[in-house]
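Just so you know, the protein sequences line up as chains S and P, in that order. Under our numbering, residues 11 to 451 are what the first sequence spells out, in order. Under our numbering, residues 11 to 451 are what the second sequence spells out, in order. For every residue, glycine included, the Cβ atom is placed at its ideal position computed from N, Cα and C. Computed from a predicted model, the values in this text were never measured in an experiment.
2 protein chains.
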Amino acid sequence: MNQFNLGMIGGGTVGSGVFHALQQNSALLTARIGVGIAIRKVAVKAFDEPRPYPITEKLMTLNWRDVVEDPEIHIVTELVGGTGIAKTMILAALERGKAVVTANKALISAHGPELFAAARKHNTSLYFEASVAGGIPIIKVLRESMVGNRIDRIDGIVNGTCNYILTRMKREGAAFADVLADAQRLGYAEADPTLDVDGHDAAHKIGILASLAHGFWVDHHDIHVEGIRSLTPLDIRFAAQLGYTIKLLGMVRMAPPASGKKNSGPRISVSVSPTLVPDGHVLASVNDVFNAVFVSGSPIGDTLYYGRGAGKDATASAILSDIADAALDRKHGTPQRVPPFVAHARDGKVIPYAETRSRFYLRLNVLDRAGVIAKISAIISKAGLSLSSIVQPEGHEGETVPLILMTHIAQRAAMDKAVTAISKLPAVKGPSLLLPVEDFG
Amino acid sequence: MNQFNLGMIGGGTVGSGVFHALQQNSALLTARIGVGIAIRKVAVKAFDEPRPYPITEKLMTLNWRDVVEDPEIHIVTELVGGTGIAKTMILAALERGKAVVTANKALISAHGPELFAAARKHNTSLYFEASVAGGIPIIKVLRESMVGNRIDRIDGIVNGTCNYILTRMKREGAAFADVLADAQRLGYAEADPTLDVDGHDAAHKIGILASLAHGFWVDHHDIHVEGIRSLTPLDIRFAAQLGYTIKLLGMVRMAPPASGKKNSGPRISVSVSPTLVPDGHVLASVNDVFNAVFVSGSPIGDTLYYGRGAGKDATASAILSDIADAALDRKHGTPQRVPPFVAHARDGKVIPYAETRSRFYLRLNVLDRAGVIAKISAIISKAGLSLSSIVQPEGHEGETVPLILMTHIAQRAAMDKAVTAISKLPAVKGPSLLLPVEDFG
Ligand SMILES: NC(=O)c1ccc[n+]([C@@H]2O[C@H](COP(=O)([O-])OP(=O)(O)OC[C@H]3O[C@@H](n4cnc5c(N)ncnc54)[C@H](OP(=O)(O)O)[C@@H]3O)[C@@H](O)[C@H]2O)c1
Ligand SMILES: NC(=O)c1ccc[n+]([C@@H]2O[C@H](COP(=O)([O-])OP(=O)(O)OC[C@H]3O[C@@H](n4cnc5c(N)ncnc54)[C@H](OP(=O)(O)O)[C@@H]3O)[C@@H](O)[C@H]2O)c1
C-alpha cells in the first residue's frame, strides 16, 4: 500500500480540525482509498497559542520552511489565510513539486491563475474544495458532477456570519447592530466583521464558482458587492409580509449575447447583494450559520447543496477530501487529471452591474402627505418601469412613514436613475434601500 | 487530444436524454475535460419506438452485441433496465475491457458485487452515479467528497413518484388512489406503480447508499420496506397538526455495537418507510418530484443534496459525469482510481428492523366510548413505552373516531407488540397505522 506524508502549515481553527479529523478517521480513510496519510509536521506561529483541538507537540515547528523543504513531505496544507505570506508558502511548496491543499478563498480569488500556472509548471496541483462553502462539496460538484452541464444560474448563501445575523434579525425582529454584537460575543462573527458583513468574503467565493462554471477567471473587481449593514428590521418585516425572506446571495447569471457580435464568449453577471427570496423556495429555509448553493443547469435542472459553510469540523471534511484526491493523483501519477482550473471559454466577460435585470424592492421614507405616491409613480412610469405593488404599512417613524415599492423586471441602470430622481423629491427623506427580488421563475 | 468512442445500449427515456445532452453540450464537455466523446452506435429494441428526443438513424442497431463487440468502442452505457438481459449486456461489455456506465439501480442492488468483481477482473470499471437520485451527484459525494467522514445517518427522499403523490395528498387533502390515478395520467407514475409506491425502488437506492457509506454490501433482503399505500388524508392532516410532514424516507442508521463483542464490524439499520419529518427540517420542504438526500457525518455535520431524482434530462447529467470520469480514467490508464465499491468494513451487519429505535406515530380507529383511552394507555405503559401526546381529533368516521398516539423513543419490537395487544381490544376497530417519527435531534 502507498503511504504519503502530509505537512501542515497552520494549526488554528481549520488546521487543528484537520489534525483531529485525521486522528479520528485515518483508518477509515485509508481503508476507503487504499492509501495511508501520515502527518509529519505542523508549522504554526507560536507553540502556546490556544487551539480548538490539541496538536501533538513533537510534530510542531515554528518555521514553515521546514514543511515545504522536507523532501519526504508529499502533500502540504496551507491553512494560514490571507493574501500575503500564504501565497509565498503555496508557491514555495508547488515549486518543490508538492501537492498543495488550501482553504484560502481570499488568496484564490485574488491570485488563482498565478497559483494554478505555478502548479501546472511544476507538474503538481492545487486543491481548494474548502475555499467555498466549508463542508459543502461544491467545487467537486461543479467541476466533476456537473461537467456535462451548461450552468444557467448560481445563487449561493455562502457566508455563514451574514446568514446567522439575517436569521436572527428575522426571528427576533432585532436590529443589525444588536445581533452583530451578540454574534461577536458568541464567536459567530469576527471582532472586525467587515470581510463578512460587507459581502467581500461572499464575493471571493461566488467569484471562484463563477470562474469554474463559465471557464474564464472572473476578476474580483468585476463583482458588484453589497453587504447587509443597511438592512433594518422593517425591511425584513415588510419582505415577510410580501412573502419573501431576505438572504445575502452571491449570484451568477448568464446575460444575453452582445447584440451584433456573433460567436463572442459567454457574458455573465456576478454580484453579492441582500436579495428577496420567495418563502416557498428552498433557499429561504436555509437558516443560522448554514450555507447552501443553488445551481441550475442544463440538462440537470435545479439542484441545491446544503451544509455548514465554516467551522473547524465541516471545513476539515473538505480538506480531507482534497487530501484524498491529492494522494490518489500522486499514487497514479496523474496530478493534472482534474486541473485546478480549466479556461474553457474564450472571451468571457462580466457585464457591468448596471446592465443586469431583475425585479426590485425599494423602501423609501416619505412625509405622510397627499400626492407623494402620485409623484413617485410618475417618476417610475416616466422611466419606463412598472410597479407590481405599493405597500404603505401602518405606523410612523418620526415625521416620515415607510413606503415599499415592488417593481416588475427592470434594468438596474434605469432603476438607479429613477431612485436618484425620487430621492430628490422634497417629501422623500433619508436613505432609501434598493434590493433585487428573485422569483426563480 | 484524446477521443473516446461511446456505444449506447438503450435509447429510451434516459438513453435519448443522454444522446440529446451530448449533442447540446459535447463541445463544452470536451473543452472542460480535454477529451472528446463520440457516439458510435445506439442499440434499441425497435427502430420505430417513439422517443423523447430523436436519435440519429444511421447510428441505431437492433443488436446490442454490435455495441459490445465493436473493438473501437471504449465506453458503453447500459440504459435498458431490469435485472435480466441488462446484466448479460454489462458483463459482456466488461469482459471486453470496456468501461460501463449504468443507471440501473435494480441491477446494482441485486448483483452489485458480482458486477464489480467482473470489472476488477477485466481491469476496467462500472460507473453508476445515475442509479441513485437521478441528477443529484450523491454517489460521488459519498465516495469522494465525504471520504474522510464517518457516516452517521442518511435520510433520503429518493423516489420522485412517491414524493409527488405525498406532496399532492398534503396540498389537496386528496386520497392516495385518486392522486395515483392522476399521476399515472400525467406520466409521473408507471401503469404498474408497485415498484415505486410499495417502496422497492427506494429500497434499491438506499441499499446502494448504505453499502457505499458503511463499506460492506447490504443485501436488499435485509432492508425493511414499507410503501405509501396505507396512508390516508387523515394521517397527513393529523401529522400536519402535530407539526410534521409525512415523507417516504430511505433511512440508514448506525446501531450501537453488539454488547459483549469487541471490535465487531459496523451494525446498521436500513429501511424504507413513510416517516414523520418535522416541518422545520429541510427535508419537509422537498416537494413534488424532487429528491433530496440528507447525510450527517463526522466531521462534516449535516448536509443535504437536492435535485430532480429522475427524468430524461436530470438523469442524463449524471450519465455524462460518469462518461467524463470513465474517459479520464481511460486516458490516464487508471480504471480503478475510485473503484465502484470498496469493501472497507469487515463483519458489517444489518440489524433486524425489530431492533431499531425511534419515536412513533400510531393512528387507531376506536369506538367513542368512555374508558378506551385508559385501556390503551395501560397497554402502552405495561409495555414500558411512554406517550408524548394523545390527540383525539374532532369528527367521526362512521361508528369509530380516530385516535393518534405519539410515543417517546421506543424499540420497534416493543411497539409492534403493544400495537398487537391494542388491536385486540374490542373498542379498537379496523387497521391501525404505525409510522416512525424522526426529530433529527
Ligand atoms: N475558520 C473557518 O471556519 C474557515 C472556513 C473555511 C475556510 N477558512 C480559511 O482557512 C484558512 C485558515 O483559517 P483559520 O480560521 O483556521 O485561521 P486561524 O485559526 O487564525 O489559524 C491560522 C493558523 O496559521 C498559523 N500561522 C499564522 N502565521 C503563520 C506563519 N507565519 N507560519 C506558520 N504558521 C502561521 C497560526 O499559528 P498559531 O496557531 O500559532 O497562531 C494558526 O495556526 C483561512 O484561509 C480561512 O479563510 C476558514
Ligand atoms: N426514467 C428515468 O427517469 C430514470 C431515472 C434514473 C434511472 N433510470 C434507469 O435507467 C434505465 C433505463 O430507464 P428508461 O426510463 O430510459 O427506460 P425506457 O425508456 O424503457 O428505455 C429502455 C431502452 O432500452 C431499449 N431496449 C430494451 N430491450 C433492449 C434490447 N434487448 N436490446 C437493445 N435495447 C433494448 C429500449 O428500446 P426501444 O426504445 O426500441 O424500446 C429503450 O430504448 C433503467 O435501469 C432505469 O431504472 C431511469
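- Placement of the Cβ of Thr23(S) at a distance of less than 7 Å from at least one heavy atom of ligand 1 is found.
- Sorting His30(P), Gly20(P), Gln13(P), Asn15(P) by C-alpha distance to the C-alpha of Ala324(P) places His30(P) at the top.
- Around Ile43(S), the beta-carbon contacts reaching into chain P at under 7 Å are Val157.
- Contacts with chain P at 8 Å (Cβ-Cβ) do not include Arg61(S).
- Using a Cβ distance threshold of 8 Å, Lys322(P) and Gly27(P) count as a contacting pair.
- Cβ-Cβ separation between Ile256(S) and Ala249(S): approximately 5 Å, consistent with a contact (criterion under 8 Å).
- Three or more beta-carbon pairs separated by less than 8 Å link the region 184–201 of chain S to the region 239–248 of chain S, which places the two stretches in contact.
- One finds nothing in chain P with a Cβ atom closer than 9 Å to the Cβ of Ser274(S); even the nearest lies about 15 Å away.
- Restricted to the region 330–408 of chain P, the beta strand (DSSP E) segments that are unbroken, complete and at least 3 residues in length are 367–377, 397–401, listed in chain order.
- Annotated three-state conformation of Lys180(P) is helix, per DSSP.
- Beta bridge pairing from DSSP links Val90(P) with no other residue.
- Of the other Cβ atoms in all chains shown, 16 or more fall within 10 Å of the Cβ of Ala337(S); this residue is therefore buried.
- For Gly197(P), the distance from the CB to the nearest heavy atom of ligand 1 is not below 7 Å.
- The three-state reading of DSSP puts Pro243(P) in helix, counting H, G and I together.
- Residue burial is scored here from C-beta neighbours: Lys115(P) has at least 16 other C-beta atoms within 10 angstroms and is therefore classed as buried.
- Within the region 116–135 of chain P, no residue has a Cβ lying closer than 8 Å to any Cβ of chain S.
- The alpha carbon of Gly408(S) has as its nearest neighbour, out of Asp332(S), Asn375(S), Glu182(S), Gly275(S), the alpha carbon of Asn375(S).
- Using a Cβ-Cβ cut-off of 8 Å, His84(S) does not count as an interface residue toward chain P, since no Cβ of chain P sits closer than that to its own.
- Identification of chain P residues near Gly145(S) by a Cβ-Cβ cut-off of 7 Å yields Ile310, Gly311, Thr313, ordered along the chain.
- Residues of chain P whose Cβ lies closer than 7 Å to the Cβ of Ser295(S) are, in chain order, Val292, Ser295.
- DSSP places Phe300(P) in the strand class (E or B) of the three-state scheme.
- For Asp162(P), the enclosing beta strand (DSSP E) starts and ends at 160–167.
- DSSP places Pro412(S) within a strand segment (E or B) once states are collapsed to three.
- Within the region 93–147 of chain P, the beta strand (DSSP E) runs of at least 3 residues that lie entirely inside it are, in chain order, 109–112.
- Apart from the 5 residues on each side of it in sequence, Arg160(S) sits with its Cβ closer than 7 Å to the Cβ of Gly307, Ser308 in its chain, given in chain order.
- Distance between Thr366(P) and Pro446(P), taken at the CA atoms: about 10 Å.
- Within its own chain, the residues whose Cβ lies closer than 6 Å to the Cβ of Met156(S), once the five positions on either side in sequence are excluded, are Gly307, listed in chain order.
- Following the DSSP letters along the chain, one finds Ser433(P) inside the alpha helix (DSSP H) bounded by residues 422–433.
- Chain S places no beta carbon closer than 8 Å to that of His224(P), leaving this residue out of the contacts.
- The beta carbon of Arg61(P) sits closer than 7 Å to at least one heavy atom of ligand 2.
- Ser391(P) counts as exposed, since fewer than 16 other beta carbons sit within 10 angstroms of its beta carbon.
- By the Cβ-count criterion, Gly358(S) is buried, with 16 or more other Cβ atoms from all chains shown falling within 10 Å of its own Cβ.
- Per the coordinates, the alpha-carbon of Arg340(S) lies some 10 Å from the alpha-carbon of Gln13(S).
- In its chain, beyond the 5 residues on either side, Trp227, Val228 have a beta carbon closer than 6 Å to the beta carbon of Ser221(P).
- Per the Cβ contact rule, the region 413–421 of chain P is in contact with the region 394–402 of chain P (3 or more Cβ pairs under 8 Å).
- Comparing C-alpha distances from Ile432(P) to each of Thr344(P), Ala384(P), Val352(P), Ile233(P) shows the shortest one belongs to Ala384(P).
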